[in-house]
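Beneath this line is the structure, given in structure tokens, with notes to follow.
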Amino acid sequence: MFNMRLTVAAAAFVALAATGIAQAQTGSIIIGASTPLTGGVAHFGQHARWGAELAVAEANAKGGALGRKIEIDFQDNRCNPAEGVKSVTQMLSEKKYAAIFDGLCSSVALAIMPLIERAGVPFIVANASATSIAERSGVGGNKWTFKVNPTDASMLDALVGWLDKEGKAANIAFLGEDTDFGRAGSSGLEAALKKRNQKLVMVDFFQKGTADFTPVLTKIKARKPALLALYAIDADFQNTIRQWHGLGGGVPLTGRVLVDQVPKEIMASGFLDGTTSVQPYDPSVDTPANKTFVEAFTKKYNVAPMLISFESYETINILIDAIRRSGNASPAAIRDALATTKYRSILGTELEFDANNLVHNNAIIFAIKGGKVVIIGMSKT
Amino acid sequence: MNAISVRALAFVIGLMVLFAIPKLTGNEYVLALGISFAALSVLSGGLNLVYGYTGLLSFAQVGFFGIGSYTAALLVTEQNWSLWSGVAAGGALATAVGMVIGYSSLRLSRHAFAIVSLSFALLCMIVARDWVSLTRGAMGIPGLPAPTINLPGGMRWRIAQPADFYYLLLGFAVFAHALIYGVVTSRLGRAMRAIKLNEPLAQSQGINPLAYKLLAIALSALLAGMVGGLFVFYLTIVDPSIFDFYYTETMLIMVIIGGPGSFWGVLASSAVLTAVPDLLRFTTDLRMVLYGVVLIAAMLLFPGGLGGWLHRRRVARWRQPRVAP
Amino acid sequence: MRPRGRSVDLNFYAQLLLNGIVIGVIYALIAMGLSLIFGVLEIVNFAHGEFYMLGAMCAYFLTVNWGFGYWPAVLIVTAVAISLGCVLYEALLGSLRGESFERSILLTLGLSMVLQNGAVFLFTTTPKMMATGLSYSNIIVGELRLPLSRLYALGLGLAAFAALYLTLYRTRVGKAMRGVAQNRDAALMVGIDPRAVSRLAVAIGIGLSGLAGAALAPVYAVHPLMGFSFVFKAFAIIIIGGLGNVSGAAIAAVMLGILESLVGGFLPLVMVDALAFISMIAVLLLRPQGLFGRGVRV
Amino acid sequence: MTPVQPLLEVRGLTKRYLGLTAVDDLSYALETGSVVGLIGPNGSGKSTSIDCMSGFQAADRGQWFLDGRELTGLAPHRIARAGLTRTFQTVRAYDELTLLENLCVAAQENDGVSWMQALLRGKTLRGADAAARARGLELLATVGLANYADAPAAILSYGQRKLLAIAASMMPKPRLVVLDEPVAGVNQTMVRHIEEVIRKLNAEGVTLLIVEHNVDFIMSLCSRVIVLESGSKIADGPPGLIRSDPRVLAAYLGNKRAAELDAGNG
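Protein chains in written order, with this note's numbering: chain A, 1 to 381; chain B, 1 to 325; chain C, 1 to 298; chain D, 1 to 266.
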């Protein structure tokens, strides 16, 4: 009995796929996107979606690409490779998508890569952080995958280089979430420190969703490191930062501190003075293009953009630029156009993909001084 | 007799159609759904054996699934084992773990088993994330190679295309369900139902509940472990999200809607529920809310599941003619 | 990893102990209600953490959006949670009876899915911070530090425990509750209405959960998934404490909090996460009735 | 003269709860083919003693043997397989299974079919299943439920369920059957019917130990009666003697149960 239903479903999908092909010739240019819209990181999936949709809306306001409207379809992947594969397979089988966007989580992006290679559709990654994505792309094998955000390793190298110059690269402790984000942070930091004959003095990981950090923070405080490299995001970041404040901290932070999300009371108290952070983005970066972006984003969604929303916005812009230069918006032409990208980032630099299809935008190094965030440098990643 | 042969014919035709799908349509999404169905139905079938037939609520299925996945992936990539031996090892390890959990907690009570199985699943996730030297941690093991299987007659089958995985997983699912079907329709399944319906009575009749419960757990662990080992090669990556609690919720919903203790019902609901979330992708936000509502409604309205409902109808039918003069 | 010097050492231990006590009392707030509901109804409430989350959400909106103070918010949220408990009993749990352990888990699991995903839908997963003056005030004694919000949570936890203890031992209805927990049939015979008692147990249990949410809203970030991770730990606690044994659960909670804090002070944090589950499994295998036994319930 | 080995021998069975002795040093023996009643006032330890004997409760002290084989401390299913089956005071049946299935389940652990044979469905299994069905139908006929062989057990009345339980306890051809209150709460017609069934089964060679409150039933059915009070055996003998035993009268009178002993249980 279930066989029958599946056959009916199969027939329905064949029909769907057929209409998809017909549409691809004339109607809008459609980008397929898979991102977590439910589950633990849905908050980031939401920002990824907002950034991308803002870019698409702006492009359409300027007449779309090649005289056609641009659309972007989002599907949920729960940050789970199985769901990612299913959602992208569905989009690929409909054959109407000019390119596939993101995945957000590294494991999902890695699972998507063989699919889009087989289908011959460009895949452009905005947020996933694993180094192995770029290692497997371009000369690494997968010609269809492009990654726009810098890898942690290169950003951390920039940060540690700066710390070393200031004589602060010794005695750093590390606390990060036990996800690809935190793990990449600790290994990137270890590597950057090793180059300068230093190492992390203590390393600890926590499960995402941990509410109470006081045990580990007490331990770190007692150990008196010079700096604490913190790799926490979302609710975990809010909990660590407030509990660190509650315990009286006494050690400045470093790593990927979300300086834009520190509660203003803590920031103003000067408690975090001496903190350094490296990020690919911050809303406060003082370029006209960024100001326009922050304003438009805040106006549209009632909340300030964050790293994820910026990366999605910029990535979709790079993709749209490639679509415009592709001439016919066919996946293969878009891939070739992507490879020759010369795009001016809203942070001011000109971006190109390297041999591994990876972009090297500037990383921003922040410091907190006198209760205020200051940008102390931009560094090539 | 006639009805049985019609059913058998329909079953064979249905199976042929399922195996012909890659030839009928090149649509990879249909194949992806088929693969998804094959994997999930083996998980829900195993859960049905444990919960539906034997009456033990288990949250451990997802743990067995992940243990099988990791074992197969690690043995194939790092020890150069063949796919079959890796998958068999994954199934064996899952079974062994299942026996340990089952034996230690079932000596206490079925309640202890439910709670221990839940903790086990949560611990699996922690181990997968944090025992980095073994599991490579949160990054998982990406880029699993397309496996090659030695077929009888010296042929080699390189499993690289979705259609290959479709055949492989569907083939395994048919084997797994045949095994489950064989058990539930045999006197072993009858003993399991007896234990679920009235454990002391079963004991007083010489049935050893622990042995049958362990059999159900071991079988479900074996199948879940093996299907996990096969499934991750299709995904090309295994990472800690293989232990996602979401799988557990999905499995439970499949068993509850299909009817605990109903082989065909759970198989059918697995098929429908594999396809439905994808057909209803626009309700993403509310899908899990909907699942929750279904669980609540099922527990309130059909406490005994489909089996309970059929049973009540059967009782009513038997009582009817005796009420009438 | 050990800090040098005797005084530093002492301070370090004292701070860990203090943190642990606070964490333990926070666990106890959630676990006591879970234990009470199990004791009286033999129901494992999977949705318990979701009521904690709703309590925190509610407190957040009351204080941040509607300008209530902390204490009024705590009172309102607790009252709302108690009524929600009555509704929950009448609408869902009241229909479960007898051998319904598995059904109760599935039913409340469904409820948890509805509440959690519904909250994601309504409030998004963006973490919310209750930023009143309370959140950033600290009590400092020597080297020891305790945020004021945690001190309040500690006080509320102790008060809740005292109130629960007095209710169960000094009031007629509390004695009835213990009677039902010990023997439902016997309680029926002496004229106790088990439905009324069960309803009250659920109301108190959910009320405690809501109270915990309100008390902790200034301590932790408020988001829809905050209850989910807590509830599994609470399961472990009530098993360690002896199923249905409310003060056992409270003691186990404080013990676990202190143990976690001390372990976290020396070993990797991952061990802390696994600690609750591993101790629970160990307790189950070595002393199935829990550390404090099942027979005597508070 | 060689001493005849008793079918069941119980030696010094003792069970305590929280300082209260429910069964106190109970010893007795049953001969093959007999029908023996076990009576006593409420709380005298009748049910506890058979729960211990069948493995459902752990005894604190004592030993018991079936046909010379020690059963002490075995799990219930092992005791059942050794040839001692029982029914329960609160009648138990598999409601969702048919009557015939109820009976077949009861025999399946004793017919030597292994799990593998059960799965592969070979000749051994088919033979065993056919034998079980035949015996099941025969037993259903004996207890008068043959018409309902394919009906779910849930449709049975309370008394009919007691009959089904008795039939199920006979399925594996046990050496000894312990019936826990086979007629409690059933009407007089059914009591007589159950009595007949038990006689018929005994005539086929089954040994029975019957725990009952209904003293009349026991007195008319059993060749020997054992009386318990506060966990101890106070009398043991043929019904005629028991009726006039002063200790028994005192026990029942003391518990205001003399009426039960004298008058019929209407």
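Just so you know, even glycine gets a beta-carbon here, dropped at the ideal spot from N, CA and C.
Shown here, residue 63 (chain D) sits in a strand according to DSSP, grouped into three states. With fewer than three CB-CB distances shorter than 8 Å, the stretch 110-124 of chain C does not count as touching the stretch 218-238 of chain A. Residue environment for residue 298 (chain A): exposed (fewer than 16 other C-beta atoms within 10 angstroms of its C-beta). The continuous beta strand (DSSP E) containing residue 378 (chain A) extends over residues 372-380. The closest CA to that of residue 191 (chain B), considering only D:213, D:109, D:214, is found on D:109.
Shown here for residue 177 (chain A): same chain residues with a beta carbon closer than 8 Å to its own, the five before and five after excluded, namely 205, 206, 207, 208, 231, 232, 233, 236 in chain order. Counting along the chain, residue 164 (chain A) sits inside the alpha helix (DSSP H) bounded by residues 152-165. The beta-bridge partner set that DSSP reports for residue 16 (chain D) consists of D:21. In the structure shown, the three-state DSSP call for residue 262 (chain B) is coil. Where residue 230 (chain C) is concerned, there is no enclosing beta strand (DSSP E), although the alpha helix (DSSP H) around it starts and stops at 226-240. Sorting B:234, B:175, B:110, B:262 by C-alpha distance to the C-alpha of residue 199 (chain B) places B:110 at the top. Listed in chain order, the positions of the stretch 158-191 of chain A with a beta carbon within less than 9 Å of a beta carbon of chain B are 177, 178, 179, 180, 181, 182, 183, 184. For residue 157 (chain B), the enclosing beta strand (DSSP E) stretches over residues 156-158. Residue 136 (chain B) sits in coil when the DSSP states are folded into three classes, being neither helix nor strand. Nearest Cα to residue 319 (chain B) within the set D:9, D:152, D:146: D:152. Contact note: residue 241 (chain B) does not reach chain D at a C-beta cutoff of 9 Å; the least C-beta distance is about 36 Å.
Excluding sequence positions up to five before and after residue 74 (chain B), its CB lies less than 6 Å from no other CB in the same chain.
At a cut-off of 9 Å between C-beta atoms, residue 63 (chain C) does not count as an interface residue with respect to chain A. If only uninterrupted beta strand (DSSP E) runs of at least 3 residues are considered, those enclosed by the stretch 84-166 of chain B are 148-150, 156-158. The closest CA to that of residue 259 (chain B), considering only B:55, B:66, B:33, is found on B:55. The straight-line gap separating the alpha-carbon atoms of residue 47 (chain B) and residue 220 (chain B) is approximately 7 Å. Within a 10 Å sphere around the beta-carbon of residue 361 (chain A) sit 16 or more other beta-carbons, which makes this residue buried. Assigned with DSSP and collapsed to three states, residue 344 (chain A) falls in strand.
Here residue 343 (chain A) has 318, 321, 351 as same chain residues with Cβ atoms under 6 Å from its own Cβ, once five neighbours each way along the sequence are excluded.
DSSP places residue 321 (chain A) inside the alpha helix (DSSP H), whose first and last residues are 307-326. Near chain A, meaning a CB-to-CB distance below 8 Å, the residues of the stretch 111-131 of chain B are 126, 129, 130. For the stretch 48-70 of chain B, the set of residues with a beta-carbon nearer than 7 Å to any beta-carbon of chain C comprises 57, in chain order. In this structure, residue 149 (chain C) sits away from residue 52 (chain C), with a CB-CB distance that is not shorter than 9 Å. Residue environment: residue 180 (chain A) is assigned as buried (16 or more neighbouring CB atoms within 10 Å of its CB, all protein chains considered). Taking a contact as a CB-CB distance under 8 Å, the pair residue 50 (chain B) and residue 216 (chain B) counts as one, their CB atoms being some 5 Å apart.
About 5 Å separates the beta carbons of residue 311 (chain A) and residue 127 (chain A), which is inside the 8 Å limit, making them a contact pair. For the C-beta of residue 95 (chain C), the chain B residues within less than 8 Å are, from N- to C-terminus, 300. Burial check for residue 96 (chain D): the Cβ neighbour count within 10 Å reaches 16 or more, so the residue is buried.
Annotation for residue 91 (chain D): 161, 162, 165 place their beta carbon closer than 6 Å to its own, counting only its chain and skipping 5 residues before and after. The beta-bridge partner set that DSSP reports for residue 231 (chain A) consists of A:176. Below the 7 Å Cβ cutoff, chain B contributes 28 as neighbours of residue 92 (chain A), in chain order.
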